[in-house]
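Report on the structure given below.
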Amino acid sequence: MVETTDAKDPAQSNSPKDSLNVPQLENRETRKLTDDDLSNDFLKRKRKLVRGNVIPNEKYSAFSLSSRDNEDGIETLNEEAPKVELAQKPAWMTEDAYRQHKEDEKSVKQPVRRRRQKLSIEEQKKQAEQRRLQEEKREEKAHQQLTQASHEISSHSQYSQTQDIVRSHYNARTHLARKEDRNKSPIIKLRQFNNIIKYMLILMFSKPNMTVLDLGCGKGGDLYKWQLAKTSLYIGIDLSDQSIIEAIHRYRRSRNVDFRVAFITGDAFETSVEEIVAGQEEAELPVDIVSMQFCMHYAFESEAKARKMLENVSHSLKRGGYFIGTIPSSDFIIDKIKDLPEGEKKWGNGMYSVEFQNPPPRDGVFRPPFGNMYTYFLQDAVDNVPEYVVPFEAFRALALEYDLELRYSKPFLEMFDQEFPKWNYKLPQRISAALRQQDGSYQVFGAEREAISFYKSFAFEKMGM
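Right, here's the structure in full:
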């Protein structure tokens with residue numbers, strides 16, 4: 001984010017422009033302009049410093065923000081101002097002209113304010129009721145979208161439906177999330193555990209002043225993590241336009257994020273990143289890190305999508321840069337399949353569940369490695385959305401074709417045990433506190449522990465040119 005400096009008050013400035021000699025037509029005597037003479041020009045210049053520009057891109061619904069909003073706003077003034085304030089009427093000026101001149105001076109000094117119309121109590125109640133009804137309609141529509149998405153998953157077998165279902169789900173989930181208190185979520189410990197994993201992964205492979213491309217950025221939930229890593233530029237791309245809008249709102253509200261940002265709606269599994277970011281001045285490629293958190297598995301719907309995803313990652317990275325992410329663990333999935341009774345396609349607990357569309361392979365070998373769909377449910381987060389197995393060795397071999405070499409791979413629980421003691425001092429304590437036990441240790445148990453075991457982290461390094 002570009003830092004802007006506060007405009008200098010003319011009354012406190014030592015600039016030579018604060019003392020301007022203006023010739024008087026009557027006697028050619030000179031006089032210094034007062035603060036009032038300069039106030040209009042000062043506010044004009046200050047308006048240019050108002051931050052938070054949003055630039056829409058019709059094709060990809062893109063938004064570029066170089067800094068934060070000025071929420072207080074600035075009062076507007078009349079654009080034209082008399083060049084000289086007259087203390088008394090010059091001999092050459094008529095009475096009518098002098099009177100008009102003084103009225104003009106007063107109008108310049110008075111800011112043009114837009115006042116809110118005062119409403120009666122009954123009108124205020126009526127408006128409040130209308131807002132409540134509108135909000136109920138929006139919530140009802142969001143629930144209908146979630147229900148429809150779940151129905152489509154069960155009634156359509158064609159994989160081409162997945163993209164629309166995923167977009168519909170996360171658009172609806174974004175609206176519902178605005179109404180929820182996450183601190184009261186039944187999966188708050190799981191959420192915080194996942195946040196800790198992402199914090200540590202980012203800090204392990206980041207460096208100051210790096211640039212980041214976040215594919216599948218969602219609602220911008222990782223912005224502060226990248227701030228902690230001292231990022232200089234963040235480019236967020238997501239399939240869900242509602243998530244992108246929410247990410248922009250989150251960025252504007254944040255008081256602790258000061259890097260440049262570009263948020264763009266686009267599908268990096270089907271379209272080149274260069275095309276998605278075209279015309280966005282803030283979106284400078286290549287970058288130091290590409291991040292994909294809890295979303296890369298959607299690319300394994302087909303080999304074509306997986307290859308396009310890896311092509312985008314490789315082309316977007318500088319040599320020596322890192323591709324980091326979190327995905328469902330194929331090892332965990334294979335172990336669960338082997339324990340299933342014959343003919344069973346589903347497992348889980350009260351917090352999460354996984355159900356395959358077709359009977360999964362008993363030997364745990366997915367042939368081919370693409371298009372192996374299951375539906376995933378996570379309480380208070382994911383409503384039976386289609387996902388795809390990412391056979392990790394197939395992923396690793398495919399990544400090598402795009403000059404990406406594996407440098408790190410750990411299941412979440414193993415990574416937590418090894419890395420948390422090293423990084424806890426850097427993490428926000430409100431997040432770590434959710435996992436603190438009475439004996440002072442940090443851990444999760446029961447249904448949450450099994451749900452967490454479903455995931456693993458990874459990091460690849462870009463080699464070659």
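Residue numbers for the sequence shown, in full-length UniProt numbering: 1 to 465.
Glycine is no exception: its CB is placed at the ideal position from the N, C-alpha and C atoms.
Asked                                                                                                                        : Found
GLY321 versus LEU310 - alpha carbon distance                                                                                 : 14 Å
Segments assigned beta strand (DSSP E), at least 3 residues, entirely inside the segment 195-271                             : 211-215, 233-238 and 260-265
Close Cβ partners of GLU355 (< 7 Å) along its chain, the five nearest in sequence each way excluded                          : LYS345, LYS346, TYR374 and THR375
Opening and closing residue of the beta strand (DSSP E) in which GLY320 lies                                                 : 317-328
Three-pair Cβ contact test at 8 Å for the segment 397-405 versus the segment 419-430                                         : no
Alpha-carbon spacing of PHE263 relative to MET292, whole angstroms                                                           : 15 Å
Whole-angstrom distance between VAL382 and residue 496, CA atom to CA atom                                                   : Because the chain spans 1 through 465 in this model, residue 496 falls outside it and cannot be assessed.
Alpha carbon of GLU135 to alpha carbon of ILE237, nearest angstrom                                                           : 28 Å
Beta-carbon proximity of LEU228 to THR211, cut-off 8 Å                                                                       : no
Inter-residue spacing [alpha-carbon to alpha-carbon] between ALA397 and TYR352                                               : 30 Å
Complete runs of the alpha helix (DSSP H) confined to the segment 374-445 [at least 4 residues]                              : 392-400, 412-423 and 429-432
Inter-residue Cα distance where the pair is GLN271 and PHE460                                                                : A small correction: the amino acid at residue 271 is Thr; Gln does not occupy that position in the sequence shown. For THR271 and PHE460, the distance between alpha carbons rounds to 22 Å.
Residue burial classification, PHE445 (beta-carbon count within 10 angstroms, cutoff 16)                                     : exposed
Alpha helix (DSSP H) segment containing VAL354, residue limits                                                               : Per DSSP, VAL354 belongs to no alpha helix (DSSP H); it is in the beta strand (DSSP E), 352-356.
Continuous beta strand (DSSP E) stretch holding VAL287: start and end                                                        : 287-293
Residues of its chain near residue 504, where Cβ-Cβ distance is below 7 Å and the 5 sequence neighbours each way are ignored : Past the edges of the chain, shown from 1 to 465, lies residue 504, and the structure says nothing about it.
8 Å CB neighbourhood of PRO186 in its chain, flanking five on each side removed                                              : MET351, GLN379 and ASP380
Spatially closest choice to CYS217 from GLU282, ASP241 and LEU285, by CA coordinates                                         : ASP241
Per-residue burial, TYR425 [other beta carbons within 10 Å of its own, 16 or more giving buried]                             : exposed
PHE300 (DSSP reduced to helix, strand or coil)                                                                               : helix
Distance between beta carbons of SER441 and MET415, contact taken as under 8 Å                                               : About 17 Å; that fails the 8 Å criterion.
CA-to-CA distance, LYS198 to LYS305, given in whole angstroms                                                                : 24 Å
Among PHE193, GLU129 and LYS462, nearest to SER316 - alpha-carbon criterion                                                  : LYS462
Local Cβ density within 10 Å of SER120, reported as buried at 16 or more and exposed below that                              : exposed
Helix, strand or coil at ALA278 [DSSP, three-state]                                                                          : coil
Own chain residues within Cβ distance below 7 Å of LYS189, not counting five before or after                                 : ALA434, LEU435, VAL444 and GLU448
For ALA459, the residue or residues it bridges with in DSSP                                                                  : ILE324 and TYR408
Cβ neighbour criterion (16 or more within 10 Å) applied to ILE452                                                            : buried
For LYS336, three-class secondary structure by DSSP                                                                          : helix
Burial state of MET200, where buried means 16 or more other Cβ atoms lie within 10 Å                                         : buried
Under 8 Å between C-beta atoms of GLU450 and ASN384                                                                          : no
Status (buried if at least 16 other CB within 10 Å, exposed otherwise) for THR231                                            : buried
Test item: CB-CB of GLU282 and PHE370 under 8 Å                                                                              : no
DSSP-derived helix/strand/coil call for GLY464                                                                               : coil
Whether VAL277 touches ILE324 by CB criterion (8 Å)                                                                          : no
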